[in-house]
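*Asks:* Structure provided below as structure tokens; questions to follow.
There are 4 protein chains.
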Amino acid sequence: MTSFEDCTIRVRYADTDQMGVVYYSNYLVYFEVGRTEFCRRRGIAYAEIERQSESYLIVAEARCRYRRPLRYDQEVVVRTFLQEFRKRTMTFAYQLIDPDTGTLFAEGETVHVVTDRQGRPKSFPEEYRRKLLGPEGETTKEESSEVRMD
Amino acid sequence: MTSFEDCTIRVRYADTDQMGVVYYSNYLVYFEVGRTEFCRRRGIAYAEIERQSESYLIVAEARCRYRRPLRYDQEVVVRTFLQEFRKRTMTFAYQLIDPDTGTLFAEGETVHVVTDRQGRPKSFPEEYRRKLLGPEGETTKEESSEVRMD
Amino acid sequence: MTSFEDCTIRVRYADTDQMGVVYYSNYLVYFEVGRTEFCRRRGIAYAEIERQSESYLIVAEARCRYRRPLRYDQEVVVRTFLQEFRKRTMTFAYQLIDPDTGTLFAEGETVHVVTDRQGRPKSFPEEYRRKLLGPEGETTKEESSEVRMD
Amino acid sequence: MTSFEDCTIRVRYADTDQMGVVYYSNYLVYFEVGRTEFCRRRGIAYAEIERQSESYLIVAEARCRYRRPLRYDQEVVVRTFLQEFRKRTMTFAYQLIDPDTGTLFAEGETVHVVTDRQGRPKSFPEEYRRKLLGPEGETTKEESSEVRMD
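As you go down the protein sequences, you meet chains P, C, U and D in turn. Just remember that the working numbering sits 7 ahead of the position in the first sequence, which is counted from 1. Just remember that the working numbering sits 7 ahead of the position in the second sequence, which is counted from 1. Just remember that the working numbering sits 7 ahead of the position in the third sequence, which is counted from 1. Just remember that the working numbering sits 7 ahead of the position in the fourth sequence, which is counted from 1.
What follows is the structure, given as structure tokens:
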């Protein structure tokens, strides 16, 4: 039932600001890394979606709640959930976690709309949909398969 | 009653991604530019707050809703509102606007907590508070002077 | 004979790192802003070159020499020179200057190769060439119109 | 005699620009990741140098030669050499390599000056020096232990 994927990144010097912590917009970059890895673990190279199916996951909304400062050289687990999957939108949720202590550095969500190259909304290709949802998605009856973050 | 400040930026090539639009985390950078300018127009150099009063505006939360794609070389008005001002937190709201058409590219909010260098919460220095709120803030009786975004 | 163009930027909080100064790769972003402005002042929107003539200025080399640290909120003049202009390559040179004191923060160069969308070298469109070189370029006889940086 | 260290990164969506390739300043970020890993493999956490010895490696110069475009999701080996080590300066050299084909994407160098917190030049702490140079550095007699890049 654990419908998430983990990957680990390390904070770069470039990511910090003069307060000595990671600059706030860079958390969204970490989310993107988690999103890409989530897709890859489910058998999808995100680049391939764009190329093969002419489908783009436009970001419609992004949110981040900052819990504890992240510092240079810190290892961080990016835990990515496919929180909601509708016909033309999907919501990913993220947690940035200290791999040693389990401390939560930050959490957030991104909402995506599926479009074609010209930005017109379209349905997400079925083959990718099945892969993304993973094994437990197969049995889901509803249009929206929600994954609780607790 | 329009308690906002405008400044104009221009989208850099560095800000775009391979979709040909501004990468989603960079909107938060634009918000920061707006926040800094808001402070400056009210007579406060943000760098000075950090240096002189040992007060830091830690970001506790950030949100952005993406309305229309932003492209390279586009001029953008960053309209910044001080949406809420409490003793130890403040919320800025932002609109990214096309200066020619008035089209809204994106909007969002950031919530900040005032801390000392060690990250302990503290009250925002009174002198800066008065400046930030501006003329119409003087007459405000309540602790929270809210500015509606419509 | 001063064949350069100036534009002014302001250091963003996002540009700093935990040493309290501008992170070293961001100087190249400032160079790009200068390059774009140089083109605009000569009557060329760089975006238009890409769109209309299917010509891309691929960066072949970049160099930066860091003289003095740049800090948050500092205003910086980006002075851009078209240092050399050959058939299929051009070299821009840059100086980052304190507008108040004239102090040099950094200087550098970027070498560009003109290619088509597929990355194949091509000649730079004549109409843009004439605009870029500006008035003093008209009288230049040699293939390479060099501008000395002192 | 192979005095280099390798680490692998993956190109993020955030790193690309509208030309569909990695934006040119981000190569310097990859160099920094290689530099940090080089130090770590030699038993030094770079963050620790700053904290414990009050020594900073200020960048004095950076160069990059771009050979082949780098694209989203590409895995890249960052090969880092300590090219030259003098009393108060050191030069790192870098190669960005395709792990599958050995193709060189880019190469470059960064020159660093050792300073204290206030930016005054100082000698690099001996204990770190020995670690950085590694086993083959022990037998080097000259002040400058140069590593050829071929």
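Using N, Cα and C, we set each Cβ at its ideal position, and we do this for glycine too.
Classify P:Ala69 as helix, strand or coil using the three-state DSSP reduction.
*Replies:* strand
*Asks:* What is the rounded straight-line gap between the Cα of P:Arg78 and the Cα of P:Gln90?
*Replies:* Rounded to the nearest angstrom, the two C-alpha atoms are 28 Å apart.
*Asks:* Quick check: the Cα distance between P:Glu145 and P:Arg86, rounded to an integer number of angstroms?
*Replies:* Residue confidence for P:Glu145 is low, a pLDDT of 47 falling below 50, so the modelled location carries little weight; the figure read from the coordinates is stated next. P:Glu145 and P:Arg86: Cα-Cα distance of roughly 22 Å.
*Asks:* Under the DSSP definition of a beta bridge, which residues are partnered with U:Gln102?
*Replies:* U:Arg86 and U:Glu114
*Asks:* Determine, using beta carbons only, whether U:Ala21 comes closer than 8 Å to chain P.
*Replies:* yes
*Asks:* Quick one: grab the DSSP three-state call for U:Thr108.
*Replies:* Here U:Thr108 sits in coil by DSSP.
*Asks:* If we ignore side chains and look at the alpha-carbon of each, how far apart do P:Thr98 and U:Asp105 end up?
*Replies:* 46 Å
*Asks:* Please name the residue or residues paired with C:Met97 in a DSSP beta bridge.
*Replies:* C:Phe92 and C:His119
*Asks:* The beta strand (DSSP E) that contains C:Thr23, what's its start and end?
*Replies:* No beta strand (DSSP E) holds C:Thr23; DSSP gives it neither H nor E.
*Asks:* Quick check on C:Gln81: buried or exposed, where buried means 16 or more other Cβ atoms within 10 Å of its Cβ?
*Replies:* By the neighbour-count definition (other C-beta atoms within 10 Å, threshold 16), C:Gln81 is a buried residue.
*Asks:* Measure the alpha-carbon distance for U:Ala52 versus U:Gly141 and round it to whole angstroms.
*Replies:* 15 Å
*Asks:* Apply the 10 Å Cβ neighbour rule to D:Glu12 and answer buried if 16 or more other Cβ atoms are within range, or exposed otherwise.
*Replies:* buried
*Asks:* Find out if the Cβ-Cβ distance for the pair P:Ala54, U:Ser32 is shorter than 8 Å.
*Replies:* no
*Asks:* Run through DSSP, which three-state label would P:Leu64 get?
*Replies:* strand
*Asks:* P:Cys46 CB to nearest chain C CB: under 8 Å?
*Replies:* No, no contact with chain C.
*Asks:* Assign D:Gln125 to buried or exposed, taking buried as 16 or more other Cβ atoms, counted over all protein chains shown, within 10 Å of its Cβ.
*Replies:* exposed
*Asks:* Find the residues of chain U that neighbour D:Tyr31, judging by a C-beta separation of less than 7 Å, and give them in chain order.
*Replies:* Ordered by position in chain U, the residues that pass the 7 Å Cβ test against D:Tyr31 are Leu35, Val66 and Ala69.
*Asks:* Could you check whether the Cβ of P:Glu150 sits closer than 8 Å to any Cβ belonging to chain C?
*Replies:* Per-residue confidence for P:Glu150 stands at a pLDDT of 41, beneath the threshold of 50, marking its modelled position as unreliable; no derived number is given.
*Asks:* If you run the structure through DSSP and keep just helix, strand and coil, what is P:Phe11?
*Replies:* strand
*Asks:* How would you label P:Thr117, buried or exposed, when you count the other beta carbons within 10 angstroms and need 16 or more for buried?
*Replies:* buried
*Asks:* Counting only beta-carbon atoms, is P:Tyr79 nearer than 8 Å to chain D?
*Replies:* yes
*Asks:* With DSSP collapsed to three states, give me the class of D:Ile51.
*Replies:* Note: D:Ile51 maps to coil in three-state DSSP.
*Asks:* In this structure, how does DSSP classify D:Lys148 when only helix, strand and coil are distinguished?
*Replies:* Since pLDDT at D:Lys148 reaches only 41, below the 50 mark, its modelled position is unreliable, and the value read off the structure follows with that caveat. Reduced to three states, the DSSP call for D:Lys148 is coil.
*Asks:* Contact between the region 66-78 of chain C and the region 32-48 of chain C: three or more CB pairs below 8 Å?
*Replies:* Cβ pair count under 8 Å is three or more, so yes.
*Asks:* Can you pull the chain P residues whose beta carbon is under 9 Å from the beta carbon of U:Gln25, in chain order?
*Replies:* Tyr20, Thr23, Asp24, Gln25, Met26, Gly27, Val28, Arg78 and Tyr79
*Asks:* Just to confirm, is the Cβ distance from U:Val83 to U:Leu111 under 8 Å?
*Replies:* no
*Asks:* Using a threshold of 8 Å, state whether the C-beta atoms of C:Phe38 and C:Gly115 are closer than that.
*Replies:* yes
*Asks:* Along chain D, in chain order, which residues have C-beta atoms closer than 7 Å to that of U:Tyr63?
*Replies:* Met26
*Asks:* Less than 8 Å between CB atoms is the rule here; does P:Tyr53 satisfy it with respect to chain C?
*Replies:* It does not: the Cβ of P:Tyr53 has no partner Cβ on chain C nearer than 8 Å.
*Asks:* Can you tell me whether DSSP reads P:Asp157 as helix, strand or coil?
*Replies:* Here the model assigns P:Asp157 a pLDDT of 39, short of 50, so the residue's position is not dependable and the matter cannot be decided.
*Asks:* For C:Val40, go through chain U and note every residue whose CB falls closer than 9 Å to its CB, in chain order.
*Replies:* Arg17, Arg19, Tyr20 and Ala21
*Asks:* Among residues of its own chain, excluding the 5 on either side of D:Ser60, which ones have a beta-carbon nearer than 6 Å to its beta-carbon?
*Replies:* Pro132
*Asks:* Give the interface partners of U:Tyr73 over in chain D, defined as CB-CB distance under 8 Å, in chain order.
*Replies:* Ile65, Val66, Ala67, Glu68 and Ala69
*Asks:* Take C:Thr15 as the anchor and find which of C:Thr23, C:Glu44 and C:Val28 has the nearest alpha-carbon.
*Replies:* C:Glu44
*Asks:* Between C:Val29, C:Tyr30, C:Arg47 and C:Gly41, which lies nearest to C:Tyr135 when the distance is taken from Cα to Cα?
*Replies:* C:Arg47
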